[in-house]
Every structure is written in structure tokens, then in C-alpha cells.
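Protein sequence lines correspond, in order, to chains A and B.
All letters in the first sequence, in the order written, are residues 1 to 114 by our numbering.
All letters in the second sequence, in the order written, are residues 1 to 114 by our numbering.
Take a look at the structure below.
Protein chains: 2
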Amino acid sequence: MSATPATPRSDELCAVHEAMRLLQGKWTLQIVRALLDGPRGFNDLARAIGGCNPATLSRRLEALAALGVLSKRVDSTMPPRTCYTLTEAGEALQAVVAAIERWGDRYLPSAARS
Amino acid sequence: MSATPATPRSDELCAVHEAMRLLQGKWTLQIVRALLDGPRGFNDLARAIGGCNPATLSRRLEALAALGVLSKRVDSTMPPRTCYTLTEAGEALQAVVAAIERWGDRYLPSAARS
DNA sequence: TATAGCGCTTTGAAATGTCAAGCGCTTGAT
DNA sequence: ATCAAGCGCTTGACATTTCAAAGCGCTATA
């Protein structure tokens, strides 16, 4: 009944494996989720995802930008504001975020305390 | 500065946040994916997901069992074999895994070679 | 002038993950 | 009977990641 490939194959697994590793980075999903609501600046983003310190956030954003999930734009106006926006690939992660939201709502609404 | 609570206090967000944090544990998704093919023993599982050392795997399995994603069963036969199986909640994660697979296949097939 | 906001970076310490090795056990080959 | 090999882990030392706190240069507002 599993619709997944039964045998782990190196070729096909590679992309998936890479995707999993990417999404396993701490705060990655929260960042994407926050940006799904629209572009945000650095501190605004930090506040929106709640409790991520700037060092980690900075590194994560850099990594995500390098992978093409989001892009960083700096306004050259004079208070130079930064703006992080999801790319097409980043917005496509909405499906993943939605799946996680559905799962979380259903399977750990009450049990998530220990 | 004033009112920025260090503790997440919105109920609805909590489940989703918790789900994300859970899935962000290293090897978690790989473990679930491997178990979607059917129950496996410890070493078999380790080999299936490729490159996870026993210490981490052990800790992760314990955490996942505590959260009700999978269950551990020990056969009392005489080479006492262990068997890790997904619970209903665990199998429901298939939707998440599938979403990630689709995204990975589509958005990082060529870039992820290394 | 002072305060607060912006976008970060730097600093140790703490949590987390990794590697190598090994333990008790049993089975299968020599 | 002996030995290597597999099972399911645990341990202890080490590397990486994340943390909270503070601070920096800047500007706009009070």
C-alpha cells in the first residue's frame, strides 16, 4: 500500500535525500512558512518565526539563498533595508508546509507536551 | 523590547511548530521513509538510510517512539530480534514525505550533484 | 540629545551529532 | 570446539551547530 519506491536507489534518492537534508536545517521550515505570507526584512522575519537568534538566521538565510529557495534584495535607499523573498522553488515548498500543518493538526494537537 | 515572550504561547501554532521541530531532527525523515517500506530491525534500518551512526539512530528512534510515530517491538524468540514499525501517525507522514519527494525531484534534480 | 529601530556580526558556552570501538548474545562455517 | 560474523545496541571522546547576550554602524523619531 505504500506508494513510495520500494528500493532505495542512489540516483533517484539523491534529490530527495538532498531535499530532506535541506528541510532538516533548524528554522528552515519556519523561515519558509513566514515568507509564504510575503517578503520580510531580517528582524521582522526573526520576530515572525519566534526565538531564532540572528547568527543562526543569518547563516540559514545565506544557505537558502545559495540553494535558490529565496533571494535577498537590498534596497539602496538611505536607510538600506533588506528584503527576503521566496523564489518559485521556495513558494513550491508551500505544499510541504501544508502537509506538515495537516499532519501536526491531526496527530499531535494534545500530545505535544512533555 | 517590552513584550516579547520567550515562550511560544499560541495554541494553534504550537502543533505545527512542534511538527516542524520534530521533522527537523536529523535522520527523522529518512527513518520514516525507510519504514514506509515495512518494518525493519536496527542494523537493517541503519543500512537502509545510509550513514547514520547507531548512537544517533538509537536516540532518534527512542524520541520517535515516545512521540508515537513508531513503535518498537522485541521478539522474545531466541535471537531476540527488534522490530521498528510505524504507527498510524507515522504512516500518515507519508504525505509529507511524498510532498518533499515531489519538490526535490522538481526543484533540485541537477543542482544537488556532489 | 536620547531612544529606538534596522541588519547584521562577534563571543564563549551549551546542546547536538558523529566516529570508533566494544559488549553480550547467537548462528553458521571451519 | 573454535572462530568469524551478525544482531541490537551503549559508551566515551570529539566535531559541529545552535544558543543567548552583547555590540556595531547607521538613521529616523521624540
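Here a beta-carbon is modelled for each residue, glycine too, at the ideal position from N, C-alpha and C.
For clarity, every value in this text was computed on a predicted model and none was experimentally measured.
Which residue marks the beginning of the beta strand (DSSP E) containing residue i, and which one marks its end?
i, result
"serine 71/A", "70–74"
"glutamate 29/A", "Contrary to the premise, residue 29/A reads as leucine rather than glutamate in this sequence. Unbroken run through leucine 29/A is the alpha helix (DSSP H), 28–35; no beta strand (DSSP E)."
In the DSSP output, what is residue i paired with across the bridge?
i, result
"cysteine 83/A", "Arg73/A"
"arginine 40/A", "Tyr84/A"
Cutting at 8 Å between CB atoms, please list the residues of its own chain near residue i, excluding the five before and the five after it.
i, result
"arginine 40/B", "Ala34, Ala48, Cys83, Tyr84"
"valine 97/A", "Leu29, Val32, Arg33, Leu36"
For residue i, is the beta carbon positioned less than 7 Å from some heavy atom of the ligand NAP?
i, result
"threonine 77/B", "As presented, the structure is devoid of all ligands, the ligand NAP included, so that no description of it is given."
So the alpha helix (DSSP H) residue i belongs to, where does it begin and stop?
i, result
"glutamine 24/B", "No alpha helix (DSSP H) holds glutamine 24/B; DSSP gives it neither H nor E."
Can you find the residues in the same chain that come closer than 7 Å, C-beta to C-beta, to residue i, ignoring five residues on each side of it along the sequence?
i, result
"alanine 46/A", "Cys52, Pro54, Leu57"
"proline 80/B", "Val74"
According to DSSP, simplified to helix, strand and coil, what is residue i?
i, result
"glycine 51/B", "coil"
"leucine 137/A", "Shown here, chain A extends from 1 to 114; a query on residue 137/A therefore has no answer."
"leucine 93/B", "coil"
"leucine 108/B", "coil"
Given a limit of 9 Å on CB to CB distance, which residues of the stretch 15–37 of chain B reach chain A? Ala15, Val16, His17, Glu18, Ala19, Met20, Arg21, Leu22, Leu23, Gln24, Gly25, Lys26, Trp27, Thr28, Leu29, Gln30, Arg33, Ala34, Leu36, Asp37
For the stretch 64–83 of chain B, which residues have a CB atom closer than 9 Å to at least one CB atom of chain A, in sequence order? Ala66, Leu67, Gly68, Val69
Closer than 8 Å between beta carbons: that is the criterion. Which residues of the stretch 40–59 of chain A meet it against chain B? Arg47, Gly50, Gly51
Could you run through the stretch 86–100 of chain A and flag, in chain order, every residue whose CB is less than 7 Å away from some CB of chain B? Hits within the stretch, in order: Ala89, Ala92, Leu93, Ala95, Val96, Ala99, Ile100.
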